[in-house]
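Single-structure report; data block below.
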Amino acid sequence: MHSQLAFPQHHRFPRMSAGLAAAAALTLALVGCSGTDSPATGSQSPEAQPPTATAAATQSAQASASAAATDSALAVAGYQVGEIPPVPLFALPDLGLLTASTGSLTPDLTTDLTSRPGITVSPARCDEAGNLNGGRTVVGADGSVVTSDGSSSLVNDGEGAAVYDDGTVSIVNNGDGSGTYDDGTTSIVVDTDGTGTYTDETLSVVVGEDGAGTYDNSATGESIVIGGDGSGVYSTRTVSITNEGDGSGTYSDAETGLSIVNEGNGTALVTRGAQSVQVDAEPLPPVGSIGSFPSIDAAQPVESCGTVITLEDGILFDFGSAEIRADADATLEELAGLLNEAGVPAANVYGHTDSISDEEFNQTLSEQRAQAVLDALVQDGVTAQLEAAGFGETRPVAPNENADGSDNPAGRQLNRRVEVYVPAF
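The numbering used here runs 76 ahead of the 1-based position in the sequence shown.
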């Protein structure tokens with residue numbers, strides 16, 4: 077497997093039912109000080125009630141400016157007007173599942189779907205009871221590891237060296253967390269100082285010294301550069317996000333023409349075509365430094381229990397909404413076709429949020445989003461037996477806050493997601 081890295085009533089446009097598809101691909105996010113919930117997120121999450129000044133409507137004296145500030149055309153999908161999504165976390169596949177099969181949902185079959193940033197398809201890891209236990213593992217700068225079930229553990233304690241070789245996979249564990257992995261397609265090198273590299277056919281990740289690093293995914297066109305000094309740059313084929321590390325930064329989308337300039341002084345200039353408005357906006361939080369590369373212990377092979385498809389919330393939903401956007405129709409239709417083509421007999425749709433807002437709100441929103449996705453997949457002709465469930469904020473795949481208690485928007489961005497889990501069949 078290669079890495080790819082409220083509302084009782086739902087309305088889908090142009091169709092009547094709403095749908096959402098998402099799933100978790102066991103991944104390793106390496107930005108130490110970043111947060112917990114969805115693809116790219118600002119200082120507040122879409123699950124949150126209208127956040128602080130960053131996401132608040134403009135306080136301009138002119139009513140026309142105020143009206144423009146609430147126009148969704150002036151907002152990044154999944155965010156409020158003036159919010160700039162964070163530079164995302166680095167993400168790798170679950171190292172223990174690198175050689176695991178995704179069954180009928182092969183890479184060739186899922187290439188078109190996973191060519192979009194924010195969508196992953198990978199083998200699933202389950203707990204002893206057979207419950208889905210992950211999609212991602214986020215490694216913090218303090219050496220802690222948070223798995224997708226919210227549990228924590230320490231990185232390798234350095235006891236015991238070992239060599240694993242089954243003729244296909246070779247793993248050298250030096251006993252101190254360092255070592256190498258090679259399966260003919262994927263190569264991993266982890267050094268004792270916490271630096272390391274990961275490369276496969278489409279993904280290259282370098283974790284350097286002093287919290288700096290790079291990430292390049294040729295399949296999705298994503299590139300991330302972390303400076304280690306609070307600065308960072310994220311780009312796709314059409315979108316560019318820059319965080320200068322001093323509270324200022326920019327966002328631009330060549331496809332939509334949307335541009336946001338955060339001056340770092342409490343205001344942001346939002347422009348799209350002839351529309352332009354200045355809104356209140358909190359300074360951008362610094363980009364967290366990258367933590368240590370995951371211990372080579374994480375590469376010990378485990379058995380996959382199926383396939384998990386993860387869609388980050390910003391791909392399908394607007395801020396705080398369970399209504400699927402019209403531009404998400406094609407993605408959901410493609411997912412439905414994929415499930416049918418693979419002959420999937422049954423699947424579960426799981427909704428998740430970050431920790432912004434209260435638990436009851438988040439639980440309700442996660443349930444409604446999961447049900448919306450299920451409804452859409454059924455409407456798109458999925459023949460598999462589907463069940464929906466929401467877990468609210470209880471199953472994060474990344475920290476919602478940094479170690480010092482400050483907000484972690486990039487982590488929250490990963491946590492806001494919908495997973496489509498297909499058990500092995």
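No residue lacks a Cβ here, since even glycine has one placed at the ideal position from N, Cα and C.
What are the uninterrupted segments assigned as beta strand (DSSP E) that are 3 or more residues long and contained completely in the segment 347-382, given in chain order? 351-356
By the DSSP assignment, the beta strand (DSSP E) with residue 461 in it spans what residues? As a first step, residue 461 must be located in the sequence shown, where it is residue number 385. Residue 461 -> beta strand (DSSP E) spans 461-466.
Quick check: what's the CA-CA separation for residue 194 versus residue 268? Stepping through the sequence shown from its first residue, residue 194 is reached at position 118. Stepping through the sequence shown from its first residue, residue 268 is reached at position 192. Cα to Cα, the separation comes out at about 31 Å.
So, for residue 311: in the same chain, excluding its five sequence neighbours on each side, which residues have a beta-carbon less than 6 Å away from its beta-carbon? To locate residue 311, count along the sequence shown from 1; it is residue 235. Excluding residues within five positions, the ones whose Cβ falls inside 6 Å are 299.
Residue 359 vs residue 324 beta-carbon contact at 9 Å: For the purposes of this step, residue 359 is identified with residue 283 of the sequence shown, where counting begins at 1. For the purposes of this step, residue 324 is identified with residue 248 of the sequence shown, where counting begins at 1. Yes, the Cβ-Cβ distance between residue 359 and residue 324 is below 9 Å.
C-alpha distance - residue 192 paired with residue 318, whole-angstrom precision: Taking the first residue of the sequence shown as 1, we reach residue 192 at position 116. Taking the first residue of the sequence shown as 1, we reach residue 318 at position 242. Going from the Cα of residue 192 to the Cα of residue 318 covers about 20 Å.
Would you kindly report the start and end of the unbroken beta strand (DSSP E) that includes residue 454? Within the sequence shown, residue 454 is the residue found at index 378, counting from 1. Where residue 454 is concerned, there is no enclosing beta strand (DSSP E), although the alpha helix (DSSP H) it sits in stretches over 435-455.
Spell out a yes or no on whether the segment 488-501 and the segment 385-404 are touching, meaning 3 or more CB-CB pairs, one atom from each, closer than 8 Å. yes
Excluding the five sequence neighbours on either side, which residues of its own chain have a C-beta within less than 6 Å of the C-beta of residue 289, listed in chain order? As a first step, residue 289 must be located in the sequence shown, where it is residue number 213. For residue 289, where only same-chain residues beyond five positions count, the Cβ hits under 6 Å are 282, 283, 302 and 366.
According to DSSP, is residue 324 part of a helix, a strand, or is it coil? For the purposes of this step, residue 324 is taken as residue 248 along the sequence shown, with counting starting at 1. In this structure, residue 324 counts as coil in the three-state DSSP scheme.
N- and C-terminal bounds of the beta strand (DSSP E) containing residue 296: As a working mapping, residue 296 is identified with position 220 in the sequence shown. No beta strand (DSSP E) holds residue 296; DSSP gives it neither H nor E.
Can we say the segment 242-258 touches the segment 148-156, given the rule of at least three CB pairs closer than 8 Å? no
Select from 470, 346 and 389 the residue whose C-alpha is nearest the C-alpha of residue 448. What you label residue 448 is simply residue 372 of the sequence shown in a count that begins at 1. Considering only alpha carbons, the answer is 389.
Contact set for residue 468: own chain, Cβ-Cβ below 7 Å, skip 5 residues either direction: Here the question's residue 468 lines up with position 392 in the sequence shown. Cβ neighbours of residue 468 beyond the five flanking positions: 429, 435, 438, 439 and 442.
Can you tell me whether DSSP reads residue 469 as helix, strand or coil? Taking the sequence shown and counting its residues from 1, the one referred to as residue 469 is at position 393. Coil, per DSSP.
Rounded to whole angstroms, what is the Cα-Cα separation between residue 411 and residue 456? Locating residue 411 in the sequence shown gives position 335, where the first residue counts as 1. Locating residue 456 in the sequence shown gives position 380, where the first residue counts as 1. Near 9 Å, if we compare the C-alpha coordinates of residue 456 and residue 411.
What are the boundary residues of the alpha helix (DSSP H) that residue 407 is part of? Counted from its first residue, the sequence shown places residue 407 at position 331. Looking at the DSSP string, the run of the alpha helix (DSSP H) that includes residue 407 is 405-417.
Rounded to whole angstroms, what is the Cα-Cα separation between residue 345 and residue 357? To locate residue 345, count along the sequence shown from 1; it is residue 269. To locate residue 357, count along the sequence shown from 1; it is residue 281. Using only the alpha carbons, I get a separation of about 9 Å.
Quick one: residues in its chain with C-beta nearer than 6 Å to the C-beta of residue 326, no 5 flanking neighbours on either side, listed in chain order? On the sequence shown, residue 326 is found 250 positions in, with the first residue counted as 1. For residue 326, where only same-chain residues beyond five positions count, the Cβ hits under 6 Å are 318 and 337.
Once DSSP output is grouped into helix, strand and coil, what is the label at residue 285? Taking the first residue of the sequence shown as 1, we reach residue 285 at position 209. The answer is helix: DSSP assigns residue 285 an H, G or I state.
Can you find the residues in the same chain that come closer than 6 Å, C-beta to C-beta, to residue 328, ignoring five residues on each side of it along the sequence? Numbered from its first residue, the sequence shown carries residue 328 at position 252. Closer than 6 Å at the Cβ level, and outside the excluded window around residue 328, lie 316 and 335.
Out of 295, 263 and 483, which one is the CA nearest neighbour of residue 372? Walking along the sequence shown from the start, residue 372 turns up at place 296. Measuring from the Cα of residue 372, the nearest candidate turns out to be 263.
Using the Cα positions of residue 240 and residue 398, report the straight-line distance between them to the nearest angstrom. For the purposes of this step, residue 240 is taken as residue 164 along the sequence shown, with counting starting at 1. For the purposes of this step, residue 398 is taken as residue 322 along the sequence shown, with counting starting at 1. Between residue 240 and residue 398, the C-alpha separation is close to 46 Å.
Return yes when the Cβ of residue 464 is within less than 9 Å of the Cβ of residue 490, no when it is not. By one-based count along the sequence shown, residue 490 stands at place 414. By one-based count along the sequence shown, residue 464 stands at place 388. Taking 9 Å as the Cβ cut-off, residue 490 and residue 464 do not qualify as a contacting pair.
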